[in-house]
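Visitor:
Chains as they are written, first to last, in the UniProt record's numbering: chain A, 1 to 399; chain B, 1 to 399.
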């Protein structure tokens, strides 16, 4: 029986709150806090009346002092950070100051450099160790479940893993000619950034979207997949012993890429303000205002996501292949928690990660990536909490 | 020796002013007038020192009284209207009030309906007749030279014309991924409007860009052409006796259409304001601010335009085909007059039309479309004034 402070009130937070309330044996009491308290109150109103007690609070997570104050008031056993990645460090600082465990779903990035790197958060290792508290980094789906999948494969099926291909497919259709699932700024940045994969001890850079394949996904069908960099590559390259190659692949439709390319061509994705009628306007911000609100996509989105890992290696001297994946249905997710699969697949693993720490299963002083823990209890919870996984020992491989 | 009042100071006006100054035997004195006098002064500065005397003036052509006042002051023999089509009627009213001949390059359209129709200007016929003055409508390239081409074919090569296909190709490349040659609002409206062609006594509507063919243009090569409505179809259908079918075709690249479609999809071409940070912003206006300034395209644009008419009919009881066209080089036009071919092909015919009236060749009381006059002296001037034409009696036909 524990208390969790949830920072954030967006789509993922909504899933986290629902799932906490579905597990009152673990989450006795939660506090939902964000910059806009009315959003927290709206969530509380939806879910009040169950066994889990719900509080709300206003907090500016950019300000460590405010987070410390709130932690002191509420007294949580863990802080579940589902706010913006820019706020990871201020919240970690507050956890250090108050001796409370910490969990997030995406690694810290400074506002100005747009670099996905763990170095800023790994720099907290010693301080968390000394404080005797746990920080679990990247407990969403990818990063998150993908790391658990790799650790599970390592533990049960391989003596040595040589190749990991993480495949992230979204077969959802929202019926608009163009819209983005979440913050379009992040979508656009992912796509316009160089690709990067890990091979033989170093990262290899590739031009944006220059490596494309087609993969046939269960529950979705054939999709174009593109090699991207994704943050879990950095930790998996260190934590999976003997690994030779790790790549991350994501589906994008030709239609989506065409829209993005055109918007880039005309300057609509730029974050440099232009002066329009005497006032500075950031084109990307104006585009956001024109596009459908990501929150409005939930009720309209049909189809499934399919995210998993295709793994190659050896067991008992024999080559072995293994594919472990989850399929999540957008409409079913929306029916259950009011958010579609993109938020669902991120929020549920955050709650499972918190459970692991609160139950003492993953309670260890320091700062950790998810694949550093025993995957078995997490894999068990995935099946119980709405993200059942499937496995195959004869998957189609990527050359 | 005559005096011309030129209303407008954009790309076409720049061509008109240059060409008037190249023909000081006809244009003894000109006055360049527009809302922004500094633009007129800049043009004057460029061209001062030749035989043609140049004045400038500030005028709001929306206000008939202001135009009347200016005509009284300057005392022109003709008003060359290369301002906005919204201003045709106020300028015609001023010509009526002062007894001065009138010429324009595009038909009047009310600001709110976006309909290309001659009815508003044709309604002035009786008043111009009674005033003893001439109004020449649509003396650009298309409308304009295309009508002269048809009249020329009719006069010299056909007993009866059955089919006219007007082909407007722009092979220009400005090197930007996307930009529009002139006001993007007009570009976008042309493309998103229904197509329309004239067949057997009536107009047939087609969905936007639904009829596409490929045509091999001299000087340009193979291009996609799309059936559009264009204003000269309305007058040619009445003025070419025995005509059974008239169509207008324009080239658009797949790249251009893709950009336009995407911008439409995300709402960037909308003229409905949205509220952004507390202020109303029209998305299309914001897009204009982002796109390269159409005026900046001139120096960068390479390649040619090719505009002409493919005509089918009978002569002496035998079927006959005829193709008459002009090719205009963007860079040569820019070198000569500081505007590329799109403006050049509109401005030169305006000056030739004015010559026809000022020389008394086309001086007739009333309101006329260009194909109603003897085409021969106009065709002769096209060759002299920089728009030489070519003809073929075995053109590739459009089915």
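C-beta: ideal position from N, C-alpha, C; glycine also.
Given a threshold of 16 other Cβ atoms within 10 Å of its Cβ, counted over all protein chains shown, does residue 36 (chain B) qualify as buried or as exposed?
Guide: Position 36 of the second chain, counted from the first residue, corresponds to residue 36 (chain B). Classification for residue 36 (chain B): exposed.
Visitor: Using a cut-off of 8 Å between C-beta atoms, extract the partners of residue 158 (chain B) located in chain A.
Guide: Residue 158 (chain B) sits at position 158 when you count from the first residue of the second chain. Within chain A, no residue comes near residue 158 (chain B); the closest Cβ sits about 45 Å away, beyond 8 Å.
Visitor: Would the beta-carbon of residue 311 (chain A) fall within 8 Å of that of residue 133 (chain A)?
Guide: One-based indexing of the first chain puts residue 311 (chain A) at position 311. One-based indexing of the first chain puts residue 133 (chain A) at position 133. Taking 8 Å as the Cβ cut-off, residue 311 (chain A) and residue 133 (chain A) do not qualify as a contacting pair.
Visitor: Label residue 287 (chain B) either buried or exposed according to how many other C-beta atoms from any shown protein chain fall within 10 Å of its C-beta, with 16 as the threshold for buried.
Guide: Locating residue 287 (chain B) in the second chain gives position 287, where the first residue counts as 1. It is buried - the Cβ of residue 287 (chain B) has at least 16 other Cβ atoms within 10 Å.
Visitor: When you compare only the Cα positions, how much space is there between residue 237 (chain A) and residue 258 (chain A)?
Guide: Position 237 of the first chain, counted from the start, is the residue given in the question as residue 237 (chain A). Position 258 of the first chain, counted from the start, is the residue given in the question as residue 258 (chain A). Near 33 Å, if we compare the C-alpha coordinates of residue 258 (chain A) and residue 237 (chain A).
Visitor: Measure the CB-CB distance between residue 80 (chain A) and residue 54 (chain A) and report whether it falls below 8 Å.
Guide: Sequence index remark: in the first chain, residue 80 (chain A) carries index 80 (1-based). Sequence index remark: in the first chain, residue 54 (chain A) carries index 54 (1-based). No; because the gap between Cβ atoms is not below 8 Å, this pair is not in contact.
Visitor: Let me check you understand the geometry: is the CB of residue 5 (chain B) closer than 7 Å to at least one non-hydrogen atom of the ligand ZN?
Guide: You won't find the ligand ZN in this model; it holds no ligand whatsoever.
Visitor: Relative to chain A, which residues along the region 232 to 260 of chain B have a C-beta separation below 8 Å, given in chain order?
Guide: Per Cβ criterion, the list reads 258 and 259.
Visitor: State the Cα-Cα distance for the pair residue 89 (chain B) and residue 171 (chain A), rounded to the nearest angstrom.
Guide: Walking along the second chain from the start, residue 89 (chain B) turns up at place 89. Walking along the first chain from the start, residue 171 (chain A) turns up at place 171. About 56 Å.
Visitor: List, in chain order, every chain A residue whose beta-carbon is nearer than 8 Å to that of residue 186 (chain B).
Guide: As a working mapping, residue 186 (chain B) is identified with position 186 in the second chain. Under the 8 Å cutoff, chain A gives no residues; its nearest Cβ is about 18 Å from residue 186 (chain B).
Visitor: Would you kindly report the start and end of the unbroken alpha helix (DSSP H) that includes residue 238 (chain B)?
Guide: If you number the second chain from 1, residue 238 (chain B) lands on position 238. 232 to 239 is the span of the alpha helix (DSSP H), which, as asked, contains residue 238 (chain B).
Visitor: Along the chain, where does the alpha helix (DSSP H) that runs through residue 323 (chain B) open and close?
Guide: Here residue 323 (chain B) refers to the residue found at position 323 when the second chain is read from its first residue. Unbroken run through residue 323 (chain B) is the beta strand (DSSP E), 318 to 329; no alpha helix (DSSP H).
Visitor: Whose Cβ in chain A lies nearer than 7 Å to the Cβ of residue 283 (chain B)?
Guide: Start at 1 with the first residue of the second chain, and residue 283 (chain B) comes out as number 283. Going along chain A in sequence order, the residues near residue 283 (chain B) (Cβ under 7 Å) are 290.
Visitor: For residue 366 (chain A), collect the residues of the same chain with a Cβ closer than 6 Å to its Cβ; drop the 5 residues on either side in sequence, then sort them by chain order.
Guide: As a first step, residue 366 (chain A) is located in the first chain; it is residue number 366 there, counting from the start. Contacts found: 125, 128 and 129.
Visitor: Could you tell me whether the region 114 to 123 of chain A touches the region 223 to 240 of chain A, using the rule of 3 or more Cβ pairs below 8 Å?
Guide: Short answer: they touch.
Visitor: With distances taken from CA atoms, which of B:21, B:10 and B:249 is nearest residue 340 (chain B)?
Guide: Along the second chain, read from residue 1 onward, the residue named residue 340 (chain B) stands at position 340. Here the closest residue by C-alpha is B:10.
Visitor: Measure the CB-CB distance between residue 291 (chain B) and residue 268 (chain B) and report whether it falls below 8 Å.
Guide: In the second chain, the residue the question calls residue 291 (chain B) occupies position 291. In the second chain, the residue the question calls residue 268 (chain B) occupies position 268. Cβ atoms of residue 291 (chain B) and residue 268 (chain B): not closer than 8 Å.
Visitor: Does the Cβ-Cβ distance between residue 167 (chain B) and residue 71 (chain B) come in under 8 Å?
Guide: By one-based count along the second chain, residue 167 (chain B) stands at place 167. By one-based count along the second chain, residue 71 (chain B) stands at place 71. No; because the gap between Cβ atoms is not below 8 Å, this pair is not in contact.
Visitor: Do you know offhand how far residue 26 (chain B)'s Cα is from residue 381 (chain B)'s?
Guide: Indexing the second chain from 1 puts residue 26 (chain B) at position 26. Indexing the second chain from 1 puts residue 381 (chain B) at position 381. Going by the C-alpha atoms only, they are around 13 Å apart.
Visitor: When you compare the region 262 to 278 of chain A with the region 241 to 253 of chain A, are there three or more beta-carbon pairs, one atom per stretch, that lie closer than 8 Å?
Guide: Contact between the region 262 to 278 of chain A and the region 241 to 253 of chain A is absent, because fewer than three Cβ pairs lie under 8 Å.
Visitor: Mapping the DSSP letters down to three states, classify residue 298 (chain A) as helix, strand or coil.
Guide: Taking the first chain and counting its residues from 1, one reaches residue 298 (chain A) at position 298. If DSSP states are grouped into helix, strand and coil, residue 298 (chain A) belongs with the helices.
Visitor: If you follow the beta strand (DSSP E) that residue 165 (chain B) is in, where does it begin and where does it stop?
Guide: In the second chain, residue 165 (chain B) corresponds to position 165, counting from 1. Its beta strand (DSSP E) spans residues 160 to 170.
Visitor: Just to confirm before moving on: does the CB-CB distance between residue 179 (chain A) and residue 297 (chain A) stay below 8 Å?
Guide: Counting from one through the first chain, the residue named residue 179 (chain A) turns up at place 179. Counting from one through the first chain, the residue named residue 297 (chain A) turns up at place 297. Yes, these two residues count as a Cβ contact at 8 Å.
Visitor: Report the residue from A:219, A:3 and A:191 whose alpha carbon sits nearest the alpha carbon of residue 212 (chain A).
Guide: Start at 1 with the first residue of the first chain, and residue 212 (chain A) comes out as number 212. It is A:191.
Visitor: Run through chain B and tell me which residues come within less than 8 Å of residue 209 (chain A), C-beta to C-beta.
Guide: Looking up residue 209 (chain A) in the first chain gives position 209. In chain order: nothing, as chain B lies at least about 16 Å away.
Visitor: From B:33, B:13 and B:49, pick the residue whose C-alpha is nearest to that of residue 342 (chain B); which is it?
Guide: The residue labelled residue 342 (chain B) in the question sits at position 342 within the second chain. It is B:13.
Visitor: Assign residue 355 (chain B) to one of three DSSP states: helix, strand, or coil.
Guide: Walking along the second chain from the start, residue 355 (chain B) turns up at place 355. Residue state, collapsed to three classes: helix.
Visitor: So which residues on chain B does residue 274 (chain A) lean against when the C-beta distance must stay under 8 Å?
Guide: To locate residue 274 (chain A), count along the first chain from 1; it is residue 274. The answer, in chain order, is 289 and 290.
Visitor: Answer with yes or no whether the minimum CB distance from residue 383 (chain A) to chain B is below 8 Å.
Guide: Within the first chain, the letter at position 383 stands for residue 383 (chain A). No, its Cβ sits nowhere closer than 8 Å to a Cβ of chain B.
Visitor: Where do the N-terminal and C-terminal ends of the beta strand (DSSP E) with residue 268 (chain B) fall, by residue?
Guide: One-based indexing of the second chain puts residue 268 (chain B) at position 268. Run containing residue 268 (chain B): none; DSSP gives neither H nor E here.
Visitor: Residues of the region 166 to 180 of chain B in Cβ contact with chain A at a cutoff of 7 Å, in chain order, please.
Guide: Correct list: 177 and 178.
Visitor: Please specify which runs of the beta strand (DSSP E), each continuous and at least 3 residues long, are wholly inside the region 206 to 232 of chain B, giving them in chain order.
Guide: You should have 212 to 217 and 221 to 228.
Visitor: With three or more C-beta pairs closer than 8 Å as the rule, is the region 353 to 360 of chain A touching the region 312 to 331 of chain A?
Guide: At 8 Å Cβ cutoff, the stretches do not touch.
Visitor: Got a sec: which bits of the region 288 to 314 of chain A sit with their beta carbon under 8 Å from any beta carbon on chain B, in order along the chain?
Guide: Here the close residues are 289, 290 and 291.
Visitor: Between which two residues does the alpha helix (DSSP H) carrying residue 199 (chain B) extend?
Guide: Here residue 199 (chain B) corresponds to residue number 199 of the second chain, with the count starting at 1. Run containing residue 199 (chain B): none in the alpha helix (DSSP H); it sits in the beta strand (DSSP E), 195 to 199.
Visitor: Going by DSSP, which residues form a beta bridge with residue 53 (chain B)?
Guide: Locating residue 53 (chain B) in the second chain gives position 53, counting from the first residue. According to DSSP, which records beta bridges pairwise, residue 53 (chain B) is partnered with B:29.
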